[in-house]
Every structure is written in C-alpha cells, then in structure tokens.
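399 is the number that the numbering used here gives to position 175 of the sequence shown; each next residue is one higher, with no gaps. Ideal Cβ positions, reconstructed from N, Cα and C, are used throughout, including at glycine. Just so we're clear, the structure is a prediction, and the values are computed from it rather than from any experiment.
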Amino acid sequence: MSTSRITPAVGTAVLLACVALTGVAPLSSCRPSPPAPQAIASTTIAGNTPSNQPPPQAAGGAPPGGNGIYGDPGAAAEFWQPQSLEDNCGLMAVADVVGEITGHAPTEQQMIALGESTPSQTNPGPVYAPRGDPSHTNGNGGIEMADAVVLLDHYGIKSEMTYAAHPDQTGLPALERYLAHDRKVIAWVNSAVIWNTSDQRTKADHFVVVTGIDTNNQIIHLNDPGAEQPDEQVAIPIFTTAWQTGQESIVVTAPAG
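Below, the structure written as structure tokens:
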C-alpha cells in the first residue's frame with residue numbers, strides 16, 4: 225500500500241455523512257480497504273473463484289447488454305483514483321465520473337478544494353468539511369450524497385439521486401439499463417461486505433462507481449476509491465447485499481444529449 229494511503233486502523237474509526245434521505249441511515253466510512261496479504265492481479269473478484277473470472281474487456285464501445293455485458297469497465301478503469309484521506313470517497317467517486325464523461329478527471333486536491341469552496345445543499349457550510357466542523361450536522365466530515373449532484377453540476381454534468389423508495393429508478397435492472405445507455409452510477413454500499421472485513425455490516429458507509437455488470441459470470445465491476453486498483457470485481461449477490469444496507473441509493477447521470 226502506498227504511504228499516502230491511510231491505515232485501516234485509523235480509517236475504521238472514521239465516519240462521514242453521505243445521504244440526506246428520509247429513512248436512510250446517513251453515516252458513511254470512506255477508509256481505503258485493508259492491504260492485500262500478497263501481490264494481487266489488477267482485478268479482484270469477491271465471492272467468485274478464479275475460474276469464473278471473465279476475460280478482459282477491451283476499452284471503448286461496450287455492447288449495450290445484448291451479450292450479458294453492461295458498461296465498459298476497461299475504459300472506466302483509466303479514471304480510477306485512490307483516496308488518500310479517511311473521508312473523501314465521495315469526492316473521488318465524483319472525480320471518476322467526471323473523467324469518464326469528459327476524458328479529464330480532476331485530481332484529489334482539486335476535488336478537495338472544490339468541495340471546501342462550494343456551498344452544500346444540505347448543510348449550512350461547504351460541501352466538504354473536516355471531521356468535527358460544526359457546519360455539518362453530524363460532525364463527521366466528508367460529503368452528503370445529495371452534494372455529489374452539486375459537484376457533478378459544477379462540471380456541467382446533470383445527475384439525480386434516488387433510492388429504493390423509487391423501485392423503477394434503482395435496483396439491478398435499473399443499473400443494467402443505465403450502463404447500457406452509457407450513464408454513470410455512484411452507489412452507496414457497505415464497505416465491510418464488499419471487502420469481506422470484520423467491520424459493521426448493517427449500514428452503508430462508502431461510495432463506489434459502478435462501471436460494469438457481467439450477468440454471464442454474475443460479476444459487478446467497480447471503480448472503488450478505497451481499493452488498491454481499478455476495476456474491482458465483486459459477485460453480484462455480495463454487491464447487492466452491500467448496496468441494500470443503504471436502500472440501494474445511487475447518483476446517476478442524465479441521459480446523453
């Protein structure tokens with residue numbers, strides 16, 4: 225693990241507010257995942273054996289799901305960046321989406337500066353505030369999920385936030401539909417379920433970008449700012465379990481055009 229990454233022990237204690245939705249638990253921990261015990265390949269599959277790993281997908285022009293593949297994780301991997309702070313997974317997820325759409329991802333420092341200078345739509349202070357800042361109601365730093373929409377709008381990218389109260393707008397079929405039409409999705413998940421760690425597994429606490437779905441091999445592709453590499457691959461049942469802890473909350477970009 226790079227020395228710029230925070231340690232799991234420090235990250236375990238850090239929580240941040242991610243979503244301002246009635247009935248949705250608002251806390252999110254954005255620490256990077258624990259270091260792997262040994263060298264690993266460029267992708268990691270949780271919940272599948274190596275024999276189930278799909279072949280690499282060439283970047284550019286993924287088919288719209290007709291062959292069971294939705295999205296283009298190979299192309300999206302170029303815009304993944306790791307988070308170096310405990311509470312900025314939301315900022316890095318936004319940066320990833322900006323890169324995928326515009327071809328130019330803002331840096332971590334640029335995202336922090338933007339978050340610190342942009343008024344929040346859900347708190348009296350800025351979008352991004354350090355832990356303990358009284359301007360954020362929960363005092364845990366980070367960003368609200370609703371403010372991801374604000375940050376994307378700064379880059380001219382329209383998006384909306386939704387969750388399980390609107391079943392036609394979220395759930396696995398909706399993700400497939402969005403990815404098939406080249407829309408980008410930020411999901412709110414439980415990191416311990418995704419990474420198979422011993423931390424709490426009942427509340428969503430982490431932002432990831434969903435970059436692909438492979439229904440043939442039952443795999444979700446993620447650009448996870450807390451992982452050690454792009455194109456993290458997770459078994460669909462594991463992803464849905466992690467996602468349901470946050471009531472399947474997402475930010476999804478508007479259709480092109």
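DSSP, read as helix, strand or coil, puts Q457 in strand. Between G450 and G295, the C-beta gap is not smaller than 8 Å, which leaves the two residues out of contact.
In this structure, the CA atom of A337 is about 24 Å from the CA atom of A300. For Q333, the closest C-alpha among the options F463, D438 and V318 is that of V318.
In chain order, S383, E384, M385 and V475 place their CB closer than 7 Å to the CB of V373, counting only its own chain and leaving out the 5 sequence neighbours on each side. DSSP places S341 inside the alpha helix (DSSP H), whose first and last residues are E332 to S341.
If you check the CB distance, T326 and H378 do not come in under 8 Å. The straight-line gap separating the alpha-carbon atoms of D438 and A370 is approximately 28 Å. Counting other Cβ atoms within 10 Å of its Cβ, H430 reaches 16 or more and is therefore classed as buried. Cβ neighbours of W304 within its own chain (closer than 7 Å, five residues either side excluded): D320, N447 and P454. Per DSSP, H328 lies in no beta strand (DSSP E) and is assigned neither H nor E. C-alpha of A353 to C-alpha of N347: approximately 10 Å in a straight line. Straight through space, the alpha carbons of V434 and I381 are spaced by roughly 17 Å. In this structure, DSSP gives I462 a helical state, which the three-state scheme calls helix.
DSSP lists I474 as the beta-bridge partner residues of T386. Distances from the alpha-carbon of V417 to those of T464, L315, P350 and R401 put T464 closest.
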